Amino acid sequence: MLLTKHPLVVSAMLCLLLSMSKPSFSQSNKGTRPKVGLALSGGGAKGMAHIGLLRLIDSLGIKIDYISGTSAGGIFGGLYAMGYTPDTLKKIALRINWRRVLSNKVPLNQINIEEKDEYDNYMIEFPVMGGRPRLPGALIEGQYISEILNTLTYPAKHINDFNKLPIPITITSSDIVNGGLVLQHKGSLPMAIRATLAIPAAFAPVYIDGRLLVDGGLDRNFPVQEVKEMGADIVIGGYTGFRLFTEKEIENPMKLIYQTHAFRSVEDSKKQEAMADVVVDFTQALTGYSTADFYQNRRIIEIGENEARKFLPQLIKIAEEQKKYPKETTNREIKDPKLPVTKISYLNDKGQPLNLPVMEQFAASRLGLKTGKELSVKAVNEGVADIYGTQFFDKVYYTFENKGDTGLTMNVRLKQGKPGVFKASVHYDTEQSAGLIINYTYRNILLSKSRLLATVDLSERFKARFDYYKFINENNRMWLKASFSYQALQNNSILYRLISDENYYNNMMNTEVSLGYSLGRSSYISLGVSHENEAVKRGPNLFKRFFGEGNDIRTLYSHSNQAFTLLFRQNTLDNLYFPKRGNSLTIQGKYMVNNKLSTKVPDADDEKGKLVYDYLNPKDGLPGNIARFFLNETFVKRINRRISLNASATWGFSYSDKYGFNSPYMYENAKFSMGGIDGRQDLAQASFIGLKKGEYGVANVTSFGLALQYNIRGNLYLTPQVNVGWENRGLNPFNVAFNDDYLLGYGAKLGYMSFMGPINFAIAKTNGFDRNPWRMYLSIGFKF
Numbered sequence: 001m002l003l004t005k006h007p008l009v010v011s012a013m014l015c016l017l018l019s020m021s022k023p024s025f026s027q028s029n030k031g032t033r034p035k036v037g038l039a040l041s042g043g044g045a046k047g048m049a050h051i052g053l054l055r056l057i058d059s060l061g062i063k064i065d066y067i068s069g070t071s072a073g074g075i076f077g078g079l080y081a082m083g084y085t086p087d088t089l090k091k092i093a094l095r096i097n098w099r100r101v102l103s104n105k106v107p108l109n110q111i112n113i114e115e116k117d118e119y120d121n122y123m124i125e126f127p128v129m130g131g132r133p134r135l136p137g138a139l140i141e142g143q144y145i146s147e148i149l150n151t152l153t154y155p156a157k158h159i160n161d162f163n164k165l166p167i168p169i170t171i172t173s174s175d176i177v178n179g180g181l182v183l184q185h186k187g188s189l190p191m192a193i194r195a196t197l198a199i200p201a202a203f204a205p206v207y208i209d210g211r212l213l214v215d216g217g218l219d220r221n222f223p224v225q226e227v228k229e230m231g232a233d234i235v236i237g238g239y240t241g242f243r244l245f246t247e248k249e250i251e252n253p254m255k256l257i258y259q260t261h262a263f264r265s266v267e268d269s270k271k272q273e274a275m276a277d278v279v280v281d282f283t284q285a286l287t288g289y290s291t292a293d294f295y296q297n298r299r300i301i302e303i304g305e306n307e308a309r310k311f312l313p314q315l316i317k318i319a320e321e322q323k324k325y326p327k328e329t330t331n332r333e334i335k336d337p338k339l340p341v342t343k344i345s346y347l348n349d350k351g352q353p354l355n356l357p358v359m360e361q362f363a364a365s366r367l368g369l370k371t372g373k374e375l376s377v378k379a380v381n382e383g384v385a386d387i388y389g390t391q392f393f394d395k396v397y398y399t400f401e402n403k404g405d406t407g408l409t410m411n412v413r414l415k416q417g418k419p420g421v422f423k424a425s426v427h428y429d430t431e432q433s434a435g436l437i438i439n440y441t442y443r444n445i446l447l448s449k450s451r452l453l454a455t456v457d458l459s460e461r462f463k464a465r466f467d468y469y470k471f472i473n474e475n476n477r478m479w480l481k482a483s484f485s486y487q488a489l490q491n492n493s494i495l496y497r498l499i500s501d502e503n504y505y506n507n508m509m510n511t512e513v514s515l516g517y518s519l520g521r522s523s524y525i526s527l528g529v530s531h532e533n534e535a536v537k538r539g540p541n542l543f544k545r546f547f548g549e550g551n552d553i554r555t556l557y558s559h560s561n562q563a564f565t566l567l568f569r570q571n572t573l574d575n576l577y578f579p580k581r582g583n584s585l586t587i588q589g590k591y592m593v594n595n596k597l598s599t600k601v602p603d604a605d606d607e608k609g610k611l612v613y614d615y616l617n618p619k620d621g622l623p624g625n626i627a628r629f630f631l632n633e634t635f636v637k638r639i640n641r642r643i644s645l646n647a648s649a650t651w652g653f654s655y656s657d658k659y660g661f662n663s664p665y666m667y668e669n670a671k672f673s674m675g676g677i678d679g680r681q682d683l684a685q686a687s688f689i690g691l692k693k694g695e696y697g698v699a700n701v702t703s704f705g706l707a708l709q710y711n712i713r714g715n716l717y718l719t720p721q722v723n724v725g726w727e728n729r730g731l732n733p734f735n736v737a738f739n740d741d742y743l744l745g746y747g748a749k750l751g752y753m754s755f756m757g758p759i760n761f762a763i764a765k766t767n768g769f770d771r772n773p774w775r776m777y778l779s780i781g782f783k784f
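For the sequence shown, position 226 matches number 226 in the UniProt record's numbering, and the numbering has no gaps at all.
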């Protein structure tokens, strides 16, 4: 107490404390430059604050000699060690589609054409083991993030020793089976980074050298000790780690669970912080942000730079001290030696030989790469996407081994998916009511390289579909498919509504066998033969009859036929719902033979029934065999970050071998139809705003559509749309059949992509049908 009264003593103590707060360079040996290490913590999205620190370090000209990183620190530390500048890292962080990273989904255009209709079209998906659905091991397998990491680190693919990077780096992970910290100095850089960001239960763990690894933050979230052991004399640290929640905050059960993990990390990080010379602690500045706030990336990077500037004096001292030593001429940029790939091996996700010759041949044919030459990252990624796009594997990624002068060995690691998957979703719309869609998909059943699919829609408008396909040739592009479908849907035809106010239903049952060939990931051509049955019924639907709500059902119209179909389909859309780029093209030629028709004469006092009968019954006899042609193209062009232009065109015509192009009568299933705004439409249907799905059916059709999709924010979209269409006479799509009698529809829809699926609310107007032509439409959930 007495000492504090003397000003000289107080000044001396302050100077001592100040000197202790600054980095010391006394550890340098024999006049050599002190080695500076950089330790970067984990923190999820908050880890992007490290980019701000790196920008300041680079602007001061500080040379970093060693790096250690955990989780997010491993990502940005690893890329910085390769030679990426902080400005480039910022561009990368802002450009990455974090929503896709966190959704476990790749763009639809990376899924093969045989699987596009089923991909990302259910609310929940569970693997089936022992005959029962089970919870998945992790929410995110990480196919998309692995592609990003492999692409960014491709110039360093020949480096298997991280000490040979421009800046040596140690990446931390944790052994989730045996426990303990695992330091990664060697191997595949992208796989090491992928392992350190594998947050348990969120991202799937990664096998490296026989150990199952997850996020290094479990054992060491702030790896200061590790960078000192590498040889660092001075350590600069960036800490974005845990903030302990308050008593009020842990009333949230998820935060309570998070807190139990945080204690250990916080205590260890305090010990690590004591070993560092400069610690930029972002914790308080990022209090309002979570580890999942990737959409706040720009703001987090800005906060990181602002916080780092508070330590400018200490960082300047390091920079000035380094200038006292001779300038080192080191190349921070990796030069790819462009070595040839001399061998391609196929391994399981544990890194062991696949030992499945059929699936290895299947993967090799889809990869489509040849050895003995240099492989570009684009070619490799395309091949890997082609394997993953078949959906026979849960994950496909690759590593390289440097064999010296002989070149590189590429290891393609394939994670075999569970044979069976249970999927489900709920849906509702104002046209076909509500329902529960249940799907079971089983692969490689009965025969290898095959898929069995069973889907039912439990609703008033019951639907069911079963199909089985198998690849049958060596290049695994040709497939044989057998399918069965049944639908009992509300009849939306405008003519029925004008004629009668009773309930009419369309029942359709089709069986088909087809031979197809995939021309690429996004297109195929097929030839099919089918047996088709259709009926128009009046009375309670199948669902109500099943639950005993009446059996007064009358079949007014019944038609069957066989058909031969030639079909071409192309789909390069990036998303089935709310696409921003790509196209969807359908061209179908169909020949319907052996047509059999029966109609039921209504009761004498059933005046409305008579009108329906007159419409359904051919007065001049059956039109005979029918030849049809249908073309529909939807083209989506991204204008800027928020706006996409959607243009569509439809053309279809029918030819009767009895009446030619202008038959006075046409079977119901031979007609083309317009109506609906949902992303999924039946074959030979054209979207048309203001009309119910399938509301306007004609023998020959032409329609055009134009829509402007505006991404308001996040998953919210506003889309004004206009459609025009008509029945054309014969082959000429612009020859309107009835005195310029055309349909015009216009309106707008508000859409949101939710966890339940797309939600669409539309208000639109179509000329000619209703006294009050403005209509509203609501749809929730994925479509069958």
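Cβ coordinates follow ideal geometry from the N, Cα and C atoms, glycine included. Small disclaimer: the values here were computed from a predicted structure and weren't measured.
Here DSSP, grouped into helix, strand and coil, assigns residue 358 to helix. Membership of residue 457 in the beta strand (DSSP E) is indicated by the continuous run 450 to 459. The alpha carbon of residue 623 has as its nearest neighbour, out of 636, 645, 655, the alpha carbon of 655. Per DSSP, reduced to three states, the secondary structure at residue 343 is strand. When the alpha-carbon of residue 587 is set against those of 132, 593, 570, the nearest one is in 570. The closest CA to that of residue 679, considering only 661, 636, 696, is found on 636. Separation of residue 455 and residue 100 (C-alpha to C-alpha, rounded to the nearest whole angstrom) is 26 Å. Rounded to the nearest angstrom, the Cβ distance from residue 723 to residue 737 is 18 Å, too far for a contact under 8 Å.
Exclusion of the five residues before and after residue 124 leaves 424 as the residues of its chain whose Cβ lies within less than 6 Å of its Cβ. If you check the CB distance, residue 211 and residue 146 do not come in under 9 Å. In the DSSP assignment, residue 308 falls outside any beta strand (DSSP E) and lies within the alpha helix (DSSP H) extending over 297 to 309.
Here the C-alpha atom of residue 82 lies approximately 35 Å from the C-alpha atom of residue 359. When the alpha-carbon of residue 749 is set against those of 126, 183, 717, the nearest one is in 717. The C-beta of residue 774 has fewer than 16 other C-beta atoms within 10 Å across all chains shown, which makes the residue exposed.
The three-state secondary structure of residue 315, taken from DSSP, is helix. With a threshold of 16 other beta carbon atoms within 10 Å, residue 475 falls short and is exposed. Around the C-beta of residue 766, 16 or more other C-beta atoms lie within 10 Å, and the residue is accordingly described as buried. Where residue 229 is concerned, the enclosing alpha helix (DSSP H) starts and stops at 224 to 229. Across the set 634, 479, 191, 726, the C-alpha of 479 shows the shortest separation from the C-alpha of residue 449.
DSSP places residue 644 in the uninterrupted beta strand (DSSP E) bounded by 643 to 656. Distances from the CA of residue 392 to each of 445, 375, 207 were compared; the closest alpha carbon is that of 445.
The three-state secondary structure of residue 106, taken from DSSP, is coil. Taking 4 residues as the minimum length, the alpha helix (DSSP H) runs contained wholly in the region 186 to 222 are 189 to 196, in order along the chain. Taking the Cβ atoms as the reference, residue 69 lies roughly 7 Å from residue 223, within the contact range of under 8 Å. For residue 485, the enclosing beta strand (DSSP E) begins and ends at 478 to 490.
Judged by DSSP secondary structure, residue 327 falls outside any beta strand (DSSP E); it is assigned neither H nor E. In the DSSP assignment, residue 76 falls within the unbroken alpha helix (DSSP H) covering 72 to 82. Secondary structure at residue 289: coil, using DSSP grouped into helix, strand and coil.
By the neighbour-count definition (other C-beta atoms within 10 Å, threshold 16), residue 684 is a buried residue. In the structure shown, the three-state DSSP call for residue 182 is strand. Excluding sequence positions up to five before and after residue 336, its CB lies within less than 6 Å of the CB of 155, all in the same chain and listed in chain order. Rounded to whole angstroms, the gap between the alpha carbons of residue 47 and residue 585 is 43 Å. Cβ-Cβ separation between residue 170 and residue 235: approximately 13 Å, too far for a contact (criterion under 8 Å). Scanning 394, 714, 389, 483 for the CA closest to the CA of residue 572 turns up 389.
Burial is judged here by how many other beta carbons sit within 10 angstroms of a residue's own beta carbon; residue 344 has at least 16 and is buried.
By DSSP's assignment, residue 628 forms a beta bridge with 590, 654.
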